[in-house]
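My numbering puts the sequence shown at residues 58 to 659.
Worksheet for the structure shown next.
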Amino acid sequence: MAIRSLDLSQTPPSPLPPKKPATKIPPSNSLPHLLSLTFFTKKQRIFLINCSNSLSSPLLEDPSSDLQIVPLATDEPNGFIRRLSENPQTESPAFEYYQKARDNPNFRPDRKTLNLLTNRLLREKQWSSISRLAEDFKAFDVFPDQRTCARLVRSCIKARKFRLAESLLGILRTKRGAAAISAFGSAMYGYNKLHMYSSTVSVFNKMRAADLHPSALSFRWIMEACREMGDTEMVLSLLLEYRSTKTDDPALSVIIYLIVCDSLGRSGRAFEALRYIREMEEEGMSPNSSIYASLISSFAGVKEAEIAEDLFREARERGMVRDPAVFLKLVTMYVAVGSAAKTVGIVKEMREIGLKVSDCVLCAVVNGFVKERRLRSSLRAFEELISLGCEPGQVTYASVINVYCRLGLAPKAEALFSEMMEKGFDKCLVAYSNMISMYGKMGRVSDATRLLATMKQRGCEPNVWVYNSLLDMHGRLTNLRQVEKLRKEMKRRKITPDKISYTSVIGAYSKAKKLDDSVGLYHEFRDGGGKVDRALAGIMVGVFSKSSRFDELIELLREMNTEKTGLDRRLYESALNSLRDAGLQVHVRWLENSFGFKVDET
Numbered sequence: 058m059a060i061r062s063l064d065l066s067q068t069p070p071s072p073l074p075p076k077k078p079a080t081k082i083p084p085s086n087s088l089p090h091l092l093s094l095t096f097f098t099k100k101q102r103i104f105l106i107n108c109s110n111s112l113s114s115p116l117l118e119d120p121s122s123d124l125q126i127v128p129l130a131t132d133e134p135n136g137f138i139r140r141l142s143e144n145p146q147t148e149s150p151a152f153e154y155y156q157k158a159r160d161n162p163n164f165r166p167d168r169k170t171l172n173l174l175t176n177r178l179l180r181e182k183q184w185s186s187i188s189r190l191a192e193d194f195k196a197f198d199v200f201p202d203q204r205t206c207a208r209l210v211r212s213c214i215k216a217r218k219f220r221l222a223e224s225l226l227g228i229l230r231t232k233r234g235a236a237a238i239s240a241f242g243s244a245m246y247g248y249n250k251l252h253m254y255s256s257t258v259s260v261f262n263k264m265r266a267a268d269l270h271p272s273a274l275s276f277r278w279i280m281e282a283c284r285e286m287g288d289t290e291m292v293l294s295l296l297l298e299y300r301s302t303k304t305d306d307p308a309l310s311v312i313i314y315l316i317v318c319d320s321l322g323r324s325g326r327a328f329e330a331l332r333y334i335r336e337m338e339e340e341g342m343s344p345n346s347s348i349y350a351s352l353i354s355s356f357a358g359v360k361e362a363e364i365a366e367d368l369f370r371e372a373r374e375r376g377m378v379r380d381p382a383v384f385l386k387l388v389t390m391y392v393a394v395g396s397a398a399k400t401v402g403i404v405k406e407m408r409e410i411g412l413k414v415s416d417c418v419l420c421a422v423v424n425g426f427v428k429e430r431r432l433r434s435s436l437r438a439f440e441e442l443i444s445l446g447c448e449p450g451q452v453t454y455a456s457v458i459n460v461y462c463r464l465g466l467a468p469k470a471e472a473l474f475s476e477m478m479e480k481g482f483d484k485c486l487v488a489y490s491n492m493i494s495m496y497g498k499m500g501r502v503s504d505a506t507r508l509l510a511t512m513k514q515r516g517c518e519p520n521v522w523v524y525n526s527l528l529d530m531h532g533r534l535t536n537l538r539q540v541e542k543l544r545k546e547m548k549r550r551k552i553t554p555d556k557i558s559y560t561s562v563i564g565a566y567s568k569a570k571k572l573d574d575s576v577g578l579y580h581e582f583r584d585g586g587g588k589v590d591r592a593l594a595g596i597m598v599g600v601f602s603k604s605s606r607f608d609e610l611i612e613l614l615r616e617m618n619t620e621k622t623g624l625d626r627r628l629y630e631s632a633l634n635s636l637r638d639a640g641l642q643v644h645v646r647w648l649e650n651s652f653g654f655k656v657d658e659t
């Protein structure tokens, strides 16, 4: 290890002979002894002795080290500290030597020294030392350069040293120059990266309070923060301020307008967003693919199909359609307006320009029609997309199987399910659940049981949906033995039964005329905090009536009245007839007054 030079004189010493060999430290000598060598000036020796006395440096005192000392043309302390900082072998004690030097009233660090010390401390993440060094910025009225100040603040925020970052900003704003402006901008950028947008706004307000004029880049960060906070009006206000800066950076201006466009689009003000982009074009700037994506998505979101189409064609002509999310928005829009042909046409466009049609897009097409209760339209669209060469993924397979099951098209559902399994999507819980539910409704008990076994074998654990389908299937057949077996299996697997589970089980026991068991299960459900809906109430009205539990029937009706659970005509008449048959005329009148004018005819 070697120190290439020690530069400590305030005035140049006499010129050194050229190519003088370095003096090597003898193993038996210590640093103070070496300082007596004649090629050091008196000032050099005094300074180094002070450093040596105040700090034990293993590097300088280790007899086995291969340290070499070469005198330089000056012995000013800043030069010595810089030499230590620049050499990887000696940079560690540089800050300690700096602290000793600062005790000298005649010492004043320069910018280069502070730059080197700051960057080294940042590399080593010595935050307490950075805090002490930052205090010296203000004390000596000497600051690192603009780039170092920005990096210093940004690094503190990235490391979540927020108090230190705020302290640094407080020190730097006294400088009131480019370094301070850059540091504040860097702080806003750092907070945005952490999604701490309110902190970005706070930094911007402090910047204004200090009469520091934000740079053009600072406007970008504060406008991004306001956009994410949903403050569209502030974004527009900041745009006016940004325009007044008259920046000559077209690329930054395009980004600023993109932020404005996004903010307006998110708040449903697509037409305003388009107007601002047209103004941008009048100023000689062209929208990029991101701006087109934002505009198209905005108009698609408000279902302005014609304008979205025009913008899409304009973007295609300029070669600005690159974002798959734009196509997804258009697909969703066309599904919502009921245009199946255009929905498929968008997918064709994706294929033509070489974009991969993701499973998300295919699923959006299928589920879009399902939500509009157009099940057969969703199947036609799916078949056409397959004919275009699109490959469905797990989610699309499961969605189409669900449609086949709902339409009762068992052979097609089974064929698609087999195809799905062959392609490796053999752990899709939704697909298994749909198939088991379909088999249950069709009474195909053996098929449902076989599929459940296959599901478990392939490592796909059944959930409450699957068990509900099985409970409903066995409950319809009053197979109480299987119902109890499934309940115990759910308990063993720690799957909590829901309202549908209890309704199926209670219904099964009621159908088997095991009324006491039905009542016990009902109370278990209610004790667990369950609320009665119309389906369960319909079962329990019959159970309570058949078992002559009229007090519990009346309690159930009162609870339904309190919880605002409406009665349909069938349930109302069933309860009314039960009370009449029991001769409970007082309760008949109560029921008529409480529900008679609130009956839901549906």
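Heads up, the beta-carbon is just placed ideally off N, CA and C, and yes, glycines get one too.
Given residue i as reference, the closest of the options once Cα atoms are compared
i	options	result
A191	E223, G595, A308, L628	E223
K386	K405, A240, A350	A350
L432	R217, F197, L464	L464
A240	A266, Q642, S212, C206	C206
G585	S575, P554, G564	P554
M407	V383, R550, Y579, V199	V383
R177	L315, P145, E281, F197	P145
E298	D319, R323, A308, H270	H270
R168	I493, G136, M530	G136
L173	V401, R140, P162	R140
M264	S243, C283, S434, L572	S243
S142	E133, N163, T175	T175
S396	R437, L412, K413, A470	R437
G516	R501, G500, G481	G481
Q514	K484, S355, P307	K484
L352	S343, M342, G341, I364	I364
R379	E409, A398, F356	E409
R323	V311, G287, P344, N345	G287
Extent of the continuous alpha helix (DSSP H) run through residue i
i	result
A350	346-358
N536	Looking at the DSSP string, N536 is not in any alpha helix (DSSP H), and its letter there is neither H nor E.
G234	No alpha helix (DSSP H) contains G234, which DSSP labels as neither H nor E.
R323	307-323
L141	134-143
A158	151-159
C213	203-215
G599	591-603
F197	184-197
E340	Neither: E340 is in no alpha helix (DSSP H) and is coded neither H nor E.
G514	This sequence places Gln at residue 514; Gly is not what is there. Run containing Q514: 502-514, per the alpha helix (DSSP H) assignment.
R277	273-285
Buried versus exposed call for residue i [16 or more other C-beta atoms within 10 Å across all chains shown]
i	result
E518	exposed
S87	Low per-residue confidence applies at S87: pLDDT is 37, beneath 50, and the placement is therefore not dependable enough to give any value.
L648	buried
V394	exposed
V643	exposed
G640	exposed
L117	Reliability of the predicted coordinates at L117 is poor, the pLDDT of 43 falling under 50, and the value obtained from them is presented with this limitation in mind. L117 is buried by the Cβ-count criterion.
F261	buried
A196	exposed
N459	buried
D123	Per-residue confidence for D123 stands at a pLDDT of 45, beneath the threshold of 50, marking its modelled position as unreliable; no derived number is given.
H252	exposed
S575	buried
F626	Looking at the sequence itself, residue 626 is Arg, so the reference to Phe does not match. Its Cβ having fewer than 16 others within 10 Å, R626 is exposed.
D119	Any reading at D119 needs caution, since the residue's pLDDT is 42, under 50, leaving its predicted position unreliable; the model's value is listed next. Exposed, since its Cβ has fewer than 16 Cβ neighbours within 10 Å.
L112	Because the pLDDT at L112 is just 40, under 50, the model does not fix this residue reliably, and the value given afterwards should be weighed accordingly. Burial call: exposed.
E290	exposed
H531	buried
Within 8 Å, strictly: CB atoms of residue i and residue j
i	j	result
S272	I238	yes
I493	L508	yes
F164	A158	yes
T619	K568	no
I563	I611	no
P381	S435	no
L613	V589	yes
L486	N525	no
A235	Q183	no
Y461	M477	no
Chain D contact for residue i (CB, 8 Å cutoff)
i	result
M530	No chain D appears in this structure, which consists of one protein chain only.
Those runs of the alpha helix (DSSP H) which lie wholly inside the stretch 419-477 and span at least 4 residues: Listed in chain order, they are 432-444, 451-463.
Could you pull out every unbroken beta strand (DSSP E) segment of at least 3 residues lying fully inside the stretch 368-423, listed in chain order? Complete beta strand (DSSP E) runs here, min 3: none at all.
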